[in-house]
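Visitor: What follows is a single structure, and I will ask about it in a moment.
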Amino acid sequence: QLMTTEILALEKASNDDAKKYLDDILRAAHTIKGAAKGVEQNDIVEVIHRFESIVSALAKGVIQHSSAVLDLLLEALDRIQDIFDSQLNNQKYLFDFNQLLINLDTCFNNIKAEAIKLDVESIEKIDRQPNTDLIPPPNVRNSRERRVSSDRDTYSVTVQDVTDLSVIVEDLQTTKLQFKQMLNDYRQLAITLTNLSSSFNELSVYQTPAENNKAHDLVVELSHFSNRVTNSYNKGRALGSQFNQLAHILDGSVNTLRLVPFATLIAPLHRIVRDLSQQQNKQINFIVEGSEIKIDRHLYKNIHVPLVHLINNAIDHGIESIDLRREKGKNIAAVLKLSIIKRANELLIDVSDDGQGIDLEAIKQKAIKQGLITRDEANDLDEKQISDFIFKPGFSSRNIVTTISGRGVGLDIVRNNLRKIKGFVEVSSTLNEGTKFTLKLPATLSSEQGLLISVAAQTFAIPAYGIDWIRDSHIKELGNLNGKLLLLDKHEEPVSVFYLADLLGISSKNNARSDTLPTIYISDGKQNIVLIVDEIMGDQELIIKAFSYPLIKVPFSVGMTTLASGNLIPILSVDELIEKANSLKTSTHLSLANTTDEQQKKVLIVDDSVTTRTLASNILLKQGFQVTALVNGLQAWEELTRNNNYDLIITDIEMPLINGFELVEKIKGNEKMRTIPTIIVTSLNSEQDKKRGVQVGADAYISKDQLNSDTLLTIIKQLI
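Each residue of the sequence shown is one higher than the one before, starting from 176 at the first, in my numbering.
As structure tokens, this is what we get:
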């Protein structure tokens with residue numbers, strides 16, 4: 176990786192700086208060749224031998240480096256890396272090195288020929304041995320390394336060492352939970368003994384003197400024993416506090432060991448940008464900001480693939496061709512920027528480009544074409560909601576499939592990978608100016624607080640970061656909108672209600688036997704839902720254990736945690752639960768007959784304005800009405816022909832397909848529907864419009880600028 180990084184730097188370096196990079200490359204190559212000889216890796220030895228000859232020629236200034244030469248050197252390093260990876264995975268590497276060796280020999284011979292043509296002094300300077308002047312004798316180099324190590328008082332620690340230590344820390348955290356449970360048991364025992372002693376004292380008045388003496392002795396003995404248990408409990412608390420503090424310090428120290436400079440981790444991305452820009456014939460300046468910031472190596476393993484996909488997306492989709500950038504008056508060299516900021520316990524990583532941006536209209540039309548939304552629904556979407564389609568599985572705005580994109584995969588992977596580590600991604604874009612993806616991540620992946628809940632006799636944990644609030648809700652608080660159960664949140668806004676067992680796909684006999692339901696309001700930062708569970712068991716620190724083969728991924732889970740009992744339970748993914756909830760047509764299997772008053776009135780609201788539709792729905796839901804909300808007169812008429820048992824209809828006038836006047840006229844002309852009261856709510860206030868409303872049979876007429884809770888409820892009370 177060091178040599179790859181140095182070659183990429185060499186490509187952009189001035190002649191003065193090039194010598195330094197070439198010297199570093201030679202030293203690293205010499206080290207690898209020596210190690211390869213020691214373990215009889217002859218293929219690597221042959222490749223590195225020719226690699227050194229070419230780099231040595233460049234270092235001596237025989238010829239200037241070119242993209243073609245650097246491409247060949249990078250290919251050689253790729254093949255060597257492939258061998259290393261194969262050995263680490265216990266796989267046999269079958270690559271035929273003959274062609275690569277021929278290409279390296281040809282390159283070296285061309286350099287010699289060029290040197291002769293340029294009449295370079297003493298072609299013998301270019302031999303097949305490394306420039307030994309650049310490499311200090313092994314004993315000198317080793318003594319210098321030892322001296323530096325001694326001065327800095329550092330030790331070499333492998334990644335596996337840190338991983339093993341992390342496992343021990345996790346076990347300590349589990350022991351801490353078990354110790355806490357033991358202390359609680361001691362506390363309960365002390366309370367029981369104290370109560371028992373008091374009970375014996377109360378009984379003494381009914382006993383004979385002899386019995387009373389025995390009881391007194393027993394009470395004294397119980398009291399002493401109770402005091403000993405209490406003292407043991409207090410000492411245990413003190414030890415537990417000290418243990419918690421030491422465990423916390425150790426956890427922090429291990430987390431520090433896992434920290435690596437961002438620049439080190441993202442070094443392969445420079446190569447990816449170089450190769451893709453050459454492949455697409457685009458000029459790109461790749462800028463990294465915040466490279467000195469240290470992040471968790473384990474965390475980066477989870478975001479490397481998302482970053483690669485975002486870079487691919489920027490180069491293939493975002494950044495224009497050189498000709499198109501020239502036509503737009505842009506600098507032909509595009510800017511692709513990767514920046515990282517550490518803020519408290521959060522990491523913010525931006526991947527931005529100055530390309531063509533996201534065409535929201537094209538995204539919307541593609542979403543309609545793929546059946547993700549209807550045209551009516553598309554009209555109500557804001558820019559953020561439209562942009563969100565690019566993260567949907569199988570979604571791609573590109574019609575041509577390339578090796579880089581067009582298959583509908585990529586950004587979906589970005590979102591899913593981030594979910595595994597409690598992160599999420601946002602996108603902002605301006606047409607013809609560029610696009611920015613922002614990744615928000617936790618700074619570490621160790622422990623956090625969570626809520627333990629029970630559903631269908633199974634225990635789960637929900638991370639605290641995804642919980643807005645918790646409360647017991649009365650069954651009469653549940654509303655009904657378009658067949659979905661709703662609860663009002665603390666801001667008096669309706670939120671969809673789901674029984675957690677339905678989302679998880681597990682069977683449950685819960686049929687709302689109690690009038691009170693344990694409810695949890697969860698949020699992914701953009702959407703909220705309410706979960707109904709069987710029992711809220713309390714909170715606990717969650718030691719997150721990632722899934723390993725063969726359980727690479729368990730649906731709706733981000734990992735496992737250990738209870739004080741030693742049992743493993745799943746930690747639920749808030750994002751996946753909300754995504755599943757959005758895919759369901761009905762909220763929960765709880766019977767509406769059990770959750771709503773039999774006398775609850777049903778209201779049909781018809782309006783193509785999402786603002787008016789939402790306002791009217793919220794007013795009625797707060798009053799306990801069952802509400803069905805539709806967007807045009809045709810939908811309303813089709814609904815009424817299927818189900819005409821509504822107690823009230825509220826409609827707008829200006830709507831597509833069938834307007835409000837036409838809808839009311841059809842209702843009043845139907846024998847089965849004519850008795851249903853109808854209210855027209857509209858922005859049309861002319862006397863002519865009001866007369867037309869009376870003519871078609873409307874029972875009331877409200878101007879939208881006067882629509883509020885008092886006005887609407889007063890009229891409804893008069894009508895029903």
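Think of the CB as a built atom: it goes at the ideal place given N, C-alpha and C, for glycine as much as any other residue.
Let me know the secondary structure DSSP gives Gly-528 once reduced to three states.
Guide: Before going on, a small fix: residue 528 reads as Asp here, not Gly. Strand, per DSSP.
Visitor: Suppose the cutoff is 6 angstroms on Cβ atoms and the five residues either side in sequence are ignored; what does the same chain contact list for Asp-551 look like?
Guide: Same-chain partners within the cutoff: Val-806.
Visitor: One question on the structure: do Gln-407 and Leu-368 come within less than 7 angstroms of each other, judged by their Cβ atoms?
Guide: With the sequence shown as reference, residue 407 is identified as Ser, and Gln is not the correct amino acid for it. Not in contact: Ser-407 and Leu-368 (Cβ atoms no closer than 7 angstroms).
Visitor: Is the beta carbon of Ala-508 closer than 7 angstroms to that of Ile-494?
Guide: Contact flag unset, no.
Visitor: Is DSSP giving Arg-518 helix, strand or coil here?
Guide: Arg-518 falls in the strand class under three-state DSSP.
Visitor: Measuring straight from C-alpha to C-alpha, what distance separates Ser-527 and Val-483?
Guide: The straight-line gap from Cα to Cα measures roughly 13 angstroms.
Visitor: Could you pull out every residue in the same chain whose Cβ sits closer than 8 angstroms to the Cβ of Arg-254, ignoring the five residues on either side in sequence?
Guide: Counting only Cβ-Cβ distances below 8 angstroms, and skipping sequence neighbours, we find Val-222, Phe-270, Phe-272 and Leu-275.
Visitor: Whole angstroms is fine: what's the gap from Glu-467's alpha carbon to Asp-525's?
Guide: Cα to Cα, Glu-467 sits roughly 15 angstroms from Asp-525.
Visitor: So what does DSSP say about Lys-187, is it helix, strand or coil?
Guide: Three-state DSSP puts Lys-187 in a helix.
Visitor: Can you give me the C-alpha to C-alpha distance between Pro-693 and Pro-669, rounded to a whole angstrom?
Guide: Approximately 17 angstroms between the Cα atoms of the pair.
Visitor: Going by DSSP in three states, Pro-443 sits in which element: helix, strand or coil?
Guide: In the structure shown, Pro-443 sits in a helix (DSSP, three-state: H, G or I).
Visitor: Is the beta carbon of Pro-745 closer than 7 angstroms to that of Phe-635?
Guide: Against a cut-off of 7 angstroms, the Cβ pair of Pro-745 and Phe-635 comes out as a contact.
Visitor: How would you call Val-395, buried or exposed, if buried means at least 16 neighbouring beta carbons within 10 angstroms?
Guide: When all chains shown are included, Val-395 counts as exposed.
Visitor: Leaving out five residues on either side along the sequence, give the residues of the same chain with a beta carbon under 8 angstroms from the beta carbon of Ile-895.
Guide: These residues qualify, in order along the chain: Lys-776, Asp-822, Leu-823 and Pro-852.
Visitor: Would DSSP call Asp-260 helix, strand or coil?
Guide: Asp-260: helix per DSSP, three-state reduction.
Visitor: What's the gap between the Cα of Ile-158 and the Cα of Lys-843?
Guide: Not covered by the structure: residue 158. The range shown for the chain is 176 to 895.
Visitor: If you count every other CB in all the chains shown that lies within 10 Å of the CB of Gly-609, and 16 or more means buried, which is it?
Guide: Buried, because 16 or more other Cβ atoms sit within 10 Å of the Cβ of Gly-609.
Visitor: Could you give the distance in angstroms between the alpha-carbon of Val-869 and the alpha-carbon of Ile-890?
Guide: Rounded to the nearest angstrom, the two C-alpha atoms are 16 angstroms apart.
Visitor: Which two residues bound the contiguous alpha helix (DSSP H) that contains Ile-753?
Guide: Here the alpha helix (DSSP H) through Ile-753 covers 749–758.
Visitor: Per DSSP, Phe-612 is paired with what?
Guide: In DSSP, Phe-612 forms a bridge with Val-526 and Val-602.
Visitor: How long is the line joining the alpha carbons of Ile-229 and Ser-261, rounded to whole angstroms?
Guide: The straight-line gap from Cα to Cα measures roughly 26 angstroms.
Visitor: With a 10 Å radius around its C-beta and 16 neighbouring C-beta atoms as the bar for buried, classify His-521 as buried or exposed.
Guide: The sequence shown places Glu at residue 521, not His. With fewer than 16 other Cβ atoms within 10 Å, it is exposed.
Visitor: Among Asp-714, Thr-803, Ile-645 and Thr-439, which residue has its Cα nearest to the Cα of Ile-695?
Guide: It is Ile-645.
Visitor: Consult DSSP for Ser-878 and reduce its assignment to one of helix, strand or coil.
Guide: In this structure, Ser-878 counts as strand in the three-state DSSP scheme.
Visitor: State whether the region 532–551 contacts the region 596–607, with contact taken as three or more CB pairs (one from each stretch) at a distance under 8 angstroms.
Guide: Yes: the two stretches touch, three or more of their Cβ pairs being nearer than 8 angstroms.
Visitor: Under 7 angstroms between the Cβ atoms of Gln-348 and Ile-718?
Guide: Result yes, Cβ atoms of Gln-348 and Ile-718 sit closer than 7 angstroms.
Visitor: Using only the alpha-carbon positions, how far apart do Val-344 and Val-749 sit?
Guide: Straight-line Cα distance between these residues: approximately 26 angstroms.
Visitor: Throw me the rounded Cβ distance for the Asp-647 and Thr-691 pair, which I believe falls under 8 angstroms.
Guide: With 8 angstroms as the limit, Asp-647 and Thr-691 qualify as a contact, their Cβ atoms being about 5 angstroms apart.
Visitor: Mapping the DSSP letters down to three states, classify Thr-889 as helix, strand or coil.
Guide: DSSP places Thr-889 in helix when its eight states are reduced to three.
Visitor: Which of helix, strand or coil does DSSP assign to Met-712?
Guide: Met-712 falls in the strand class under three-state DSSP.
Visitor: Could you pull the start and end residues of the alpha helix (DSSP H) that Pro-568 belongs to?
Guide: Counting along the chain, Pro-568 falls outside any alpha helix (DSSP H), and DSSP gives it neither H nor E.
Visitor: Taking the CB atoms as reference points, tell me whether Gln-565 and Leu-586 lie closer together than 7 angstroms.
Guide: The question names Gln, yet the displayed sequence has Ile at residue 565. Contact flag set, yes.
Visitor: Check the C-beta distance from Ile-704 over to Ile-697 and give it rounded, since I have them as a contact under 8 angstroms.
Guide: That belief holds up - the Cβ atoms of Ile-704 and Ile-697 are roughly 6 angstroms apart, short of 8 angstroms.
Visitor: Since Leu-197 and Leu-233 should fall inside the 8 angstroms C-beta cutoff, what is the C-beta to C-beta distance between them, to a whole number of angstroms?
Guide: Contact holds; Cβ gap of about 6 angstroms.
Visitor: List the DSSP bridge partners of Ser-647.
Guide: Residue 647 is actually Asp in this sequence, not Ser. Beta-bridge pairing links Asp-647 to Pro-693.
Visitor: Residue range of the alpha helix (DSSP H) that Gln-458 falls in?
Guide: Careful: Gln-458 lies outside any alpha helix (DSSP H), inside the beta strand (DSSP E) at 458–464.
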